[in-house]
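The structure appears below as structure tokens.
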DNA sequence: TGCTATCTTGACCAAATGGTCAAGATATCT
DNA sequence: AGATATCTTGACCATTTGGTCAAGATAGCA
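Residue numbers (our numbering), protein chains in the order written: chain F, 11 to 222; chain A, 11 to 222.
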């Protein structure tokens, strides 16, 4: 029962650390190469372990992919926290946009893996999309409808409002190279993300009659 | 010189037809499987020809991919036609959004191939992004700036306005399965696209102080 | 201190896939 | 009609890659 004090890792710690290393490497490789383009060999190398060791923790590439995706889906459900009926619409929406934009800046690989999955027809997450995600969005859409009915924001289709918000924020993670190229930069920096978030907030808030 | 009247195809016609069949099949397969996931065998089957015949017209998978991409890039440059200084901003933007949304509805495979290319770092089109596309966007951004300076629309960062417009319209092609799932449908129908276009137009036009 | 369960890894394999080849078919030009 | 360039296709090959195996190493436990 007593854990050892030396630099000797416990079995549990070994497992935890290796799984974490593999998931992190896998997210990066799946993001940049896609599912088919990614090889378990490259993921293993990036994780700093031999390939058979990777297959010891994740039997198949598909299983590893599912594990990566599960992590990402969990993130997704959190972001909408600020959208509640009691909130001030302008604050709530600004905060939501900030949160999504921060996610694009800090977890670009996660966003890309998810985007890639959707792009190819969501074979692995269709259930999630039509289940937990649909319920959450339907729920939040009701909040928006409440705001509209109370005259607190201008009329809009709540579902499509969310689609536009997702698109406008995630584009800065998924298609960062396009945005950087068009802006004449090598890479996007934090200031670019701030400017992007401000632009999106301004457009959306004015678009809902909440500013100016 | 005289072309034949019978059902005998001329060499030129054969080439044209086969190239077209291959490009169409390739666009669909690249869109749904990505570059690595696509196989020349599947593309050939979908085009209705044997695999070696495909390789007769396109030496390598990469060459075929480039050809597909070139077709798509040509489409891209056209869409901004309505954004000109003399136009009424509301009309021009509404028309641009309509055009992009129509493109998402009628050419979803093209949009997806492009999205996939960007997602993976744009290895094949980086030159285009920083070249022709950047010049076009810089140009159109000047038009937007002119409208702002003249007080015809509310202030906004013109480049980021374009990024949001692209994202908001292309999301309906690239991530259609997510949108359909969240809306509780099997597939998006024309009415959904109309509603989407209207929502985006409304948000953007109000966001630029052009409505209500 | 042994015994067991977990972890590690070099060597290996079967299947998939991009691409080739060479022989035959078809249109075109003289 | 004959010669030639273009097109077609079954058979084939080298490489890549997901995954296995079996033997050895290491931590946990009685």
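All residues carry an ideal CB built from backbone N, CA and C; glycine is no exception.
- [ ] For residue 184 of chain F, decide whether its Cβ has a neighbour in chain A, counting only Cβ atoms nearer than 8 Å.
- [x] With 8 Å as the cut-off, residue 184 of chain F counts as an interface residue toward chain A.
Open item on the list: Less than 8 Å between the beta carbons of residue 205 of chain A and residue 167 of chain F, yes or no?
Closed with: For the 8 Å CB-CB criterion, residue 205 of chain A and residue 167 of chain F form a contact.
Task: Nearest residue (CA-CA) to residue 153 of chain F, options F:137, F:172 and F:111 - done: F:172
Open item on the list: Does the CB of residue 70 of chain A have a neighbour CB from chain F at under 8 Å?
Closed with: no
- [ ] Name, please, each residue of chain A whose Cβ falls closer than 9 Å to the Cβ of residue 65 of chain F.
- [x] In chain order: nothing, as chain A lies at least about 20 Å away.
TODO: Select from the segment 35 to 51 of chain F all residues with a C-beta closer than 9 Å to any C-beta belonging to chain A, and list them in chain order.
DONE: 41, 42, 43, 44, 45, 46, 47 and 48
- [ ] For the segment 54 to 61 of chain F and the segment 136 to 143 of chain A, state whether three or more C-beta atom pairs, one from each stretch, are separated by less than 8 Å.
- [x] Taking a contact to require three or more Cβ pairs closer than 8 Å, the segment 54 to 61 of chain F and the segment 136 to 143 of chain A do not qualify as touching.
- [ ] Report the three-state DSSP secondary structure of residue 209 of chain A (helix, strand or coil).
- [x] helix
- [ ] Would you be able to state if there are at least three C-beta pairs under 8 Å between the segment 201 to 218 of chain A and the segment 98 to 114 of chain A?
- [x] yes
Task: Proximity test, Cβ basis, 8 Å: residue 206 of chain F and chain A - done: yes
TODO: Could you say if the segment 156 to 166 of chain F and the segment 118 to 131 of chain F meet the contact criterion of at least three C-beta pairs nearer than 8 Å?
DONE: No, the segment 156 to 166 of chain F is not in contact with the segment 118 to 131 of chain F.
TODO: State the Cα-Cα distance for the pair residue 93 of chain F and residue 183 of chain F, rounded to the nearest angstrom.
DONE: 22 Å
TODO: Taking only runs that begin and end inside the segment 49 to 77 of chain F, name each unbroken beta strand (DSSP E) of 3 or more residues, in chain order.
DONE: Within the segment 49 to 77 of chain F, no run of beta strand (DSSP E) at least 3 residues long lies entirely inside it.
Task: Per-residue DSSP class, three states only, for residue 169 of chain A - done: helix
TODO: Could you check what DSSP says for residue 198 of chain F in three-state terms: helix, strand or coil?
DONE: Residue 198 of chain F falls in the coil class under three-state DSSP.
Open item on the list: Quick check: what's the CA-CA separation for residue 162 of chain A versus residue 221 of chain A?
Closed with: 12 Å
Task: chain F within 8 Å of residue 194 of chain A, Cβ atoms only - done: yes
Task: Rounded separation between residue 11 of chain A and residue 90 of chain A - CA only - done: Per-residue confidence for residue 11 of chain A stands at a pLDDT of 34, beneath the threshold of 50, marking its modelled position as unreliable; the derived number appears in the next sentence. Straight-line Cα distance between these residues: approximately 41 Å.
Task: Local conformation of residue 96 of chain F per DSSP, three classes - done: coil
TODO: With a 10 Å radius around its C-beta and 16 neighbouring C-beta atoms as the bar for buried, classify residue 101 of chain F as buried or exposed.
DONE: By the neighbour-count criterion, in which 16 or more other beta carbons inside 10 Å mark a residue as buried, residue 101 of chain F falls on the exposed side.
TODO: Return the first residue and the last residue of the alpha helix (DSSP H) that residue 131 of chain F is part of.
DONE: Looking at the DSSP string, residue 131 of chain F is not in any alpha helix (DSSP H), and its letter there is neither H nor E.
TODO: Count the C-beta pairs between the segment 64 to 76 of chain F and the segment 23 to 43 of chain F that are closer than 8 Å, then say yes if the count reaches three, no if not.
DONE: yes
TODO: Closer than 8 Å by beta-carbon distance: list the chain F residues that pair up with residue 126 of chain A, in chain order.
DONE: The contacting residues are 44, 126 and 129.
TODO: Return yes when the Cβ of residue 147 of chain A is within less than 8 Å of the Cβ of residue 169 of chain A, no when it is not.
DONE: yes
Open item on the list: DSSP three-state label for residue 152 of chain F, please.
Closed with: helix
Task: Simplified DSSP assignment, three categories, for residue 33 of chain A - done: helix
Task: Buried versus exposed call for residue 22 of chain A [16 or more other C-beta atoms within 10 Å across all chains shown] - done: So residue 22 of chain A counts as exposed.
Task: Any C-beta of chain A under 8 Å from that of residue 78 of chain F - done: no
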